[in-house]
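Remarks on the structure that follows.
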Amino acid sequence: MTEKEKKESIREEEQAADEVAVGQEEAMENEPETGAAEEQEQPEGLSLEEEFNNMKANYSELKDKYLRLFAEFDNFKKRTIREKMEMMKTAAQDTMSALLPVLDDFDRARKAAAESDKSQLFEEGIGLVYQKLYNILKMRGLEPVEPNGELFDPELHEAFTEIPAPSEEMKGRIVDTIEKGYKLNDKIIRHPKVVIGK
64 MTEKEKKESI
74 REEEQAADEV
84 AVGQEEAMEN
94 EPETGAAEEQ
104 EQPEGLSLEE
114 EFNNMKANYS
124 ELKDKYLRLF
134 AEFDNFKKRT
144 IREKMEMMKT
154 AAQDTMSALL
164 PVLDDFDRAR
174 KAAAESDKSQ
184 LFEEGIGLVY
194 QKLYNILKMR
204 GLEPVEPNGE
214 LFDPELHEAF
224 TEIPAPSEEM
234 KGRIVDTIEK
244 GYKLNDKIIR
254 HPKVVIGK
């Protein structure tokens, strides 16, 4: 093809393109307005779809954050309630620990009065005071730990001394209790001091 033919071919293509463009403009002018609106919305529809997808992703992210925050808050509430319950159970621990020597003294006095020829009234009086104090402490959750005959457990008992076991089955077991142990609401606040058979 010569250059002249190429130029004519290009001109013909341009004229054909112009005619097509003019034909399209006329067709668009003759179409009802709804069709024109649909064509205008179609490119916007793609951006709306993208916007919808973005909003959907944003919604999912926010929902996930909300659920995580809600779960964290729920765990915080449960932990706080558990800690408060634990604190309420052991709030009186210092008071109970301070009263334990008094309880021990009453116990010793009661035993001494029972063994001597002292007056019956003294023994009864001491017994009543001891029982009253003991009942008050028991109502608050105090329980004695009396481990005689049990296997020695360093987590639960405090070894005071070892003596020869009175029998074979008492080896490694608690033979005697020197000082009672106490629990406050099933938590040991004082380990019993014990004598172990060896």
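Under the working numbering, the first residue of the sequence shown is numbered 64, with each subsequent residue one higher.
Every residue gets a Cβ at the ideal spot worked out from N, C-alpha and C, and that includes glycine.
Note that this is a predicted model, so its numbers are computed, not measured.
- With a threshold of 16 other beta carbon atoms within 10 Å, residue 260 meets it and is buried.
- Rounded to the nearest angstrom, the gap between the Cα atoms of residue 128 and residue 252 is 44 Å.
- The C-beta of residue 132 has fewer than 16 other C-beta atoms within 10 Å across all chains shown, which makes the residue exposed.
- The beta carbon of residue 185 is closer than 8 Å to those of 176 in its chain, skipping five residues each way along the sequence.
- Inclusion of residue 236 and residue 215 in the CB contact set at 8 Å is warranted, their separation being smaller than that value.
- A direct Cα-Cα distance of roughly 16 Å separates residue 205 from residue 170.
- Rounded to the nearest whole angstrom, the C-alpha separation of residue 233 and residue 153 is 35 Å.
- Under the 8 Å Cβ criterion, the region 186-197 does not count as touching the region 134-145, having fewer than three qualifying pairs.
- Using a Cβ distance threshold of 8 Å, residue 208 and residue 164 do not count as a contacting pair.
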